[in-house]
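Participant: Would you mind keeping the following structure in view while I ask a few things?
Protein chains: 2
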Amino acid sequence: MRNITLKQMRYFQALARHGHFGHAASACAISQPALSVQIRDLEAELGQPLVERGPRQVRLTAFGESFLARVTDILKQVDDLGDFARSARGAMMQRLRLGIIPTIAPYLLPRLIGHITAEFPGLDLHVRETLTPRLITELIDGRIDAALLALPISEPSLTEVPLFEESFVLVRPADEADRPIPDAQALAEMRLLLLEEGHCFRDQALSFCQTGRNMPRDGLDGSSLTTLVQMVGVGLGVTLIPEMAVRVETGSAPVSVARFAEPQPKRMIGMVWRNSSPLADQFYRISEVAKDVGLTA
Amino acid sequence: MRNITLKQMRYFQALARHGHFGHAASACAISQPALSVQIRDLEAELGQPLVERGPRQVRLTAFGESFLARVTDILKQVDDLGDFARSARGAMMQRLRLGIIPTIAPYLLPRLIGHITAEFPGLDLHVRETLTPRLITELIDGRIDAALLALPISEPSLTEVPLFEESFVLVRPADEADRPIPDAQALAEMRLLLLEEGHCFRDQALSFCQTGRNMPRDGLDGSSLTTLVQMVGVGLGVTLIPEMAVRVETGSAPVSVARFAEPQPKRMIGMVWRNSSPLADQFYRISEVAKDVGLTA
DNA sequence: GTTTCTCATAAGCCCTGATTATCGGAGTGA
DNA sequence: TCACTCCGATAATCAGGGCTTATGAGAAAC
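Chains A and B, in that order, are what the protein sequence lines are. Per full-length UniProt numbering, residue 1 is the first one in the first sequence, and the count goes up by one each step. Per full-length UniProt numbering, residue 1 is the first one in the second sequence, and the count goes up by one each step.
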């Protein structure tokens, strides 16, 4: 008692259409006995005849009629699978769940979205903005497909592609614009406002100041670069922000921007995804798009 | 490039459910390589990966997700086919297209319908009332499934089952009730009203009178037994009607009924169907029902 | 009676799809 | 760093399902 097969359904459909075993068989490009046997087996499986074998013609039984209706429906859906796969292959990536860290998202995303959807029309794009550790976890767990963040990640199961380097700039109160640009040493002694724990950008800024990550600091922590810049604007201290944030963040507060001398503090922006992701090719295309957007900022 | 098989769909469904090749394989009661190969072939057929093979778990791709939805739907319908066949097997006959000649239909059908639907609950019963030759044609063409008519038919492709014999009775004007009952010879010389050409009952009546079928007659032809009886009632002649029609037809006209001496004119009522009909068993049951109804008339 | 048409059956062959065995790669723990 | 483990892929092999051709059987047609 084996299961009904698609082959049997197709043969039966042909038989119903032609009303003749021989014709149906040649329509299926098989011999007549092959079709006869399959129909017989199908009827045995169903426990009742599908066709009435008359001497002059083959006619469907009432059961055969209703069975045919169902079979036709099923076969149509099965054939649709092929078309479905074919169309999906064209678009390939249907859904992209992209993670981005908060110190990139507001500055890169607005333009990036336009370019990505131009490159992948019809793409269902989901953006997840959170801190690097969580992005990594979600990436590994398969809850997101790729992420834009600061390299390196050094996670062996993830592929990382560097996109572009980005300098950090010093943000000071506007009335300090004339002062000389501090070096790392001098910066360490200033009142440096930083993002709260967890942001990779905080660590990167701290490492520039050659200050241990866990050293006690008397600075204030902000939850976003916007907050930090506004705090600078009211004279609470100075801060560092990435180059790409300058245009957005420094227009609405009395602050001045100063670039460091070499060696500048910087970070490498990159894209990561699972090594095992079958969408790697598409991710490379997206990384190119993101690189262009980042470089023309 | 062979077609997608149900087997592949089932394996894929199991793989999606378990997220693990080995577990899915044992759930399908096959070995892991067998499942791996089928999934690989399926992906090749579709032109894109269905699952992302990670080191720690197997995850569906976005395409795999939507493919799974379709596959699940199809498999459900396929499995329903089995249930469908099983339930259909219980009822067996779902539709009965029954042909009946006009000289039987009005007298047998009213009670017969009740008995048949009692025997086959839920049966979709269609009745076709027309002359024997057309019934035979429609039967052979498969437009009806069985017929109740007067035997013999002598059509080799049809199975005929005799149900019961039925005598013909003489219908005379009521004021002739006292006259002696004519024999066949005397009847031939009376003004005999008959059904129009094509009714087998006409031929049977004529053969009783030992009159050639094509012999010119000066009698009148009616299109139904009712018409004939009414014509007798107004003195236009005499007629023959089958026993089963007496109760229905003779109440509304001033006529008398007389039974012939042996050998009585009679006809054999029977049921016929195609030799090749798979419903033969059911037809035998129906013929028993019809016989009971006819005999208890 | 003979021929023809059509579906069922039989015998044989091939290929699909199964099996077991093994490999390779990645994570894991001493 | 080096076994050790887990998991999926691959290879070699085997069995059975499904195809083929050949033939049979029954009914219709001439």
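C-beta: ideal position from N, C-alpha, C; glycine also. All values reported here derive from a predicted model rather than from experimental measurement.
For I74/B, tell me which candidate among T5/A, A25/A and H20/A has the shortest Cα-Cα distance.
Facilitator: Comparing Cα positions, the closest option is T5/A.
Participant: Distance check for E52/A and G22/A, CA to CA, integer angstroms please.
Facilitator: One C-alpha to the other measures close to 15 Å.
Participant: Going by the beta-carbon positions, is the gap between L236/A and L220/A smaller than 8 Å?
Facilitator: Yes.
Participant: If you run the structure through DSSP and keep just helix, strand and coil, what is P265/B?
Facilitator: Three-state DSSP puts P265/B in coil, outside helix and strand.
Participant: What's the call for P162/B, buried or exposed, on a 16-neighbour Cβ count within 10 Å?
Facilitator: Classification for P162/B: exposed.
Participant: When you check each C-beta in the stretch 258–275 of chain A against every C-beta of chain B, which residues fall closer than 9 Å?
Facilitator: Those would be R274 and N275, in chain order.
Participant: Looking at the secondary structure, which residues open and close the beta strand (DSSP E) in which T239/A lies?
Facilitator: From DSSP, the beta strand (DSSP E) with T239/A extends over V238 to P242.
Participant: What are the start and end residues of the beta strand (DSSP E) that includes E155/B?
Facilitator: Careful: E155/B lies outside any beta strand (DSSP E) and carries neither H nor E.
Participant: Write down every uninterrupted run of the beta strand (DSSP E) in the stretch 76–114 of chain A whose length is 3 residues or greater and which is fully enclosed by it, in chain order.
Facilitator: Segments of the beta strand (DSSP E) lying fully in the stretch 76–114 of chain A: 95–100.
Participant: Based on the DSSP secondary-structure assignment, which residues constitute the bridge partners of L170/B?
Facilitator: In DSSP, L170/B forms a bridge with L240/B and A258/B.
Participant: Grouping DSSP H, G and I as helix and E and B as strand, with all else coil, what is L123/B?
Facilitator: Note: L123/B maps to coil in three-state DSSP.
Participant: Pull up the distance between the alpha-carbon of D80/B and that of S287/A, whole angstroms please.
Facilitator: Each residue's Cα considered, the two are about 47 Å apart.
Participant: How far does the alpha helix (DSSP H) with L225/A in it extend, from its first residue to its last?
Facilitator: Element bounds for L225/A: L225 to G233.
Participant: Can you grab the Cα-Cα spacing for the pair H20/B / Q13/B, in whole Å?
Facilitator: Approximately 11 Å, taken between the alpha carbons.
Participant: Please tell me whether residue 314/B has its Cβ less than 8 Å away from any Cβ of chain A.
Facilitator: As displayed, chain B neither begins before 1 nor continues past 297, which places residue 314/B out of reach and without an answer.
Participant: Pair every Cβ in the stretch 274–281 of chain A with every Cβ in the stretch 166–180 of chain A, then say whether three or more of these pairs are closer than 8 Å.
Facilitator: The stretch 274–281 of chain A, when compared against the stretch 166–180 of chain A, does not touch it at the 8 Å Cβ threshold.
Participant: Helix or strand or just coil, what does DSSP make of A44/A?
Facilitator: Note: A44/A maps to helix in three-state DSSP.
Participant: Would you tell me roughly how many angstroms separate the C-alpha atoms of R191/A and A16/B, rounded to the nearest one?
Facilitator: Rounded to the nearest angstrom, the two C-alpha atoms are 55 Å apart.
Participant: So, with DSSP's three-state summary, where would you put A147/A?
Facilitator: Three-state DSSP puts A147/A in a strand.
Participant: If you measure between the beta carbons of A150/A and M268/A, is that distance less than 8 Å?
Facilitator: Yes, these two residues count as a Cβ contact at 8 Å.
Participant: Along the beta strand (DSSP E) that carries R53/B, what are the first and last residues, could you check?
Facilitator: Taken as a continuous stretch (DSSP letters only), the beta strand (DSSP E) holding R53/B covers V51 to R53.
Participant: Are the CB atoms of A105/B and E129/B nearer to each other than 8 Å?
Facilitator: Against a cut-off of 8 Å, the Cβ pair of E129/B and A105/B comes out as a contact.
Participant: Please classify P182/B: does DSSP put it in a helix, a strand, or coil?
Facilitator: Coil, per DSSP.
Participant: What are the partner residues of L193/B, as DSSP defines its beta bridges?
Facilitator: According to DSSP, L193/B bridges with T239/B.
Participant: Helix, strand or coil for P278/A per DSSP?
Facilitator: Reduced to three states, the DSSP call for P278/A is coil.
Participant: With 7 Å as the limit, tell me which residues of the stretch 105–134 of chain A have their beta carbon closer than that to any beta carbon of chain B; keep them in chain order.
Facilitator: Those residues of the stretch 105–134 of chain A that come within reach of chain B (Cβ to Cβ, closer than 7 Å) do not exist; the list is empty.
Participant: Could you check whether the Cβ of R53/A sits closer than 8 Å to any Cβ belonging to chain B?
Facilitator: True, the Cβ-Cβ gap to chain B drops below 8 Å.
Participant: Would you please verify whether the beta carbon of A88/A is less than 8 Å from any beta carbon of chain B?
Facilitator: At least one chain B Cβ lies under 8 Å of A88/A.
Participant: Mind listing which residues of the stretch 65–84 of chain B have their C-beta closer than 8 Å to chain A's C-betas, in chain order?
Facilitator: Answer set for the stretch 65–84 of chain B: S66, F67, R70, V71, D73, I74, Q77, V78, D80, L81, G82 and F84.
Participant: So if I threshold CB-CB distances at 7 Å, which residues from the UniProt domain "HTH lysR-type" (4–61) of chain B count as touching chain A?
Facilitator: Residues passing the 7 Å Cβ filter: I4, T5, L6, L46, G47, Q48, P49, E52, R53, G54, P55, R59 and T61.
Participant: Which one of P242/B, M9/B and Y284/B has the shortest CA to CA distance from T72/B?
Facilitator: Selected option, being the one with the closest Cα: M9/B.
Participant: Rounded to a whole number of angstroms, what is the C-alpha to C-alpha distance between A258/B and T296/B?
Facilitator: The alpha-carbon atoms of A258/B and T296/B are separated by roughly 20 Å.
Participant: Hey, could you find the ends of the beta strand (DSSP E) L60/A is sitting in?
Facilitator: From DSSP, the beta strand (DSSP E) with L60/A extends over V58 to L60.
Participant: Compare the C-beta of F63/B against all C-beta atoms of chain A and say whether one is closer than 8 Å.
Facilitator: So yes, F63/B belongs to the interface.
Participant: With G251/B as the anchor, note down where its alpha helix (DSSP H) starts and where it stops.
Facilitator: No alpha helix (DSSP H) contains G251/B, which DSSP labels as neither H nor E.
Participant: What does a CB cutoff of less than 7 Å around F164/B pick up in its chain, not counting 5 residues either side in sequence?
Facilitator: Cβ neighbours of F164/B beyond the five flanking positions: I269, K291, G294 and L295.
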